[in-house]
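Structure first, commentary second.
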Amino acid sequence: MAIVFDKPKALTDDIFHYCPGCTHGIIHRLIAETIDELGIEGKTIGIAPVGCAVLAYNYFACDMVEAAHGRAPAVATGIKRALPDSVVFTYQGDGDLAAIGMAETVHAATRGENVTIIFVNNAIYGMTGGQMAPTSLPGQVTQTTPYGRDTTYSGFPIRVCELLSTLDGVALAQRVTVDTVQNVRKAKKAIRRAFENQIQGRGYSIVEILSTCPTNWGLEPNEALQWLRDNMIPYYPLGVYKDKYPEEA
Numbered sequence: 013m014a015i016v017f018d019k020p021k022a023l024t025d026d027i028f029h030y031c032p033g034c035t036h037g038i039i040h041r042l043i044a045e046t047i048d049e050l051g052i053e054g055k056t057i058g059i060a061p062v063g064c065a066v067l068a069y070n071y072f073a074c075d076m077v078e079a080a081h082g083r084a085p086a087v088a089t090g091i092k093r094a095l096p097d098s099v100v101f102t103y104q105g106d107g108d109l110a111a112i113g114m115a116e117t118v119h120a121a122t123r124g125e126n127v128t129i130i131f132v133n134n135a136i137y138g139m140t141g142g143q144m145a146p147t148s149l150p151g152q153v154t155q156t157t158p159y160g161r162d163t164t165y166s167g168f169p170i171r172v173c174e175l176l177s178t179l180d181g182v183a184l185a186q187r188v189t190v191d192t193v194q195n196v197r198k199a200k201k202a203i204r205r206a207f208e209n210q211i212q213g214r215g216y217s218i219v220e221i222l223s224t225c226p227t228n229w230g231l232e233p234n235e236a237l238q239w240l241r242d243n244m245i246p247y248y249p250l251g252v253y254k255d256k257y258p259e260e261a
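Add 12 to a position in the sequence shown, counting from 1, and you land on the number used in the numbering used here.
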């Protein structure tokens, strides 16, 4: 019998530690499929964050480095400059990338560092118990905003792709999600494009992926997907916010 669906070679046999219904596993698979298809596992180096994906180094078969909280873009910069023929990607959540790591994010982007950023936005701090994140929505209930995020006190959520798309060093800024088969395919295409940009030396590429956190949202997995559709996508519209090389897509 022919095998038509198998585990990507760029994923290890370790069992994911993520909560049921979390979409980190889908995103991991899409990255691994891309690495396999491009034949770059031997020269790929991934940067694991601090957050729910802190153990990502257990799951990818390529070389992996664990960065201090928020410092993944700085680590990626150092590795890429020291090993320019390598393919370097970071895998970061909203706290790691848009809170403690915002300075590293913005400066790596404005320098046009030739790296690939995978940004998983679930609008909450997952690993530490569900506190408000920089991307938590107005009115969203979290452990630290039990009456909902009050924008007069806590400010507004950060739209990362829109922000980074204004910087000259950014080659690609695109927001996707993985709530349906169709959107999974679009996310895969965006991730592959971000890796191809790096291979072609085009500069900084970021793919933001809207994700669910059923545990800290207090929802069943299917309910969490619907909450994402009803609440996150309207505030964080999907699409390409910057593509410096559209004619070469």
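We treat Cβ as the ideally placed atom computed from N, Cα and C, and that holds for glycine.
Between the alpha carbons of A115 and D108 lies a distance of about 11 Å. For A94, the closest C-alpha among the options F168, A121 and V127 is that of V127.
Taking a C-beta distance under 8 Å as the contact criterion, L23 and Y71 qualify as a contact pair. Under the 10 Å beta carbon count, Q155 is surrounded by fewer than 16 other beta carbons and is classified as exposed. Secondary structure of Y216 (DSSP, three-state): strand.
For Y137, no pairing in a beta bridge is given by DSSP. With a minimum length of 4 residues, the unbroken runs of alpha helix (DSSP H) contained wholly in the stretch 30-108 fall at 36-50 and 84-94. Excluding five sequence positions before and after V87, the CB atoms of its chain that fall closer than 7 Å to its own CB belong to I59, V77 and A79, given in chain order. Secondary-structure assignment with DSSP links A185 through a beta bridge to I218 and K254.
Linking T102 to P61 through their CA atoms gives a straight-line distance of about 8 Å. Separation of Y165 and I136 (C-alpha to C-alpha, rounded to the nearest whole angstrom) is 17 Å. In the displayed model, I170 falls within coil according to three-state DSSP, outside both helix and strand. F28 carries a coil assignment under DSSP once its states are collapsed to helix, strand and coil. For G167, the number of other beta carbons within 10 angstroms of its own is below 16, and it is reported as exposed. In the DSSP secondary-structure assignment, L23 is bridged to F72. If you look at E259, you'll find it isn't in any alpha helix (DSSP H); DSSP assigns it neither H nor E. The Cβ-Cβ distance between T46 and C74 does not fall below 8 Å. Between the alpha carbons of F207 and S217 lies a distance of about 8 Å. When the five nearest sequence neighbours on each side are left out, the beta carbons in the same chain lying within less than 7 Å of the beta carbon of G213 are those of N126, in order along the chain. Per the DSSP secondary-structure output, V132 pairs in a beta bridge with G105 and I221. Three or more Cβ pairs closer than 8 Å define a contact, and the stretch 36-44 falls short of that threshold against the stretch 227-236. Of the candidates E259, T147 and N195, the residue whose Cα lies closest to the Cα of I112 is T147.
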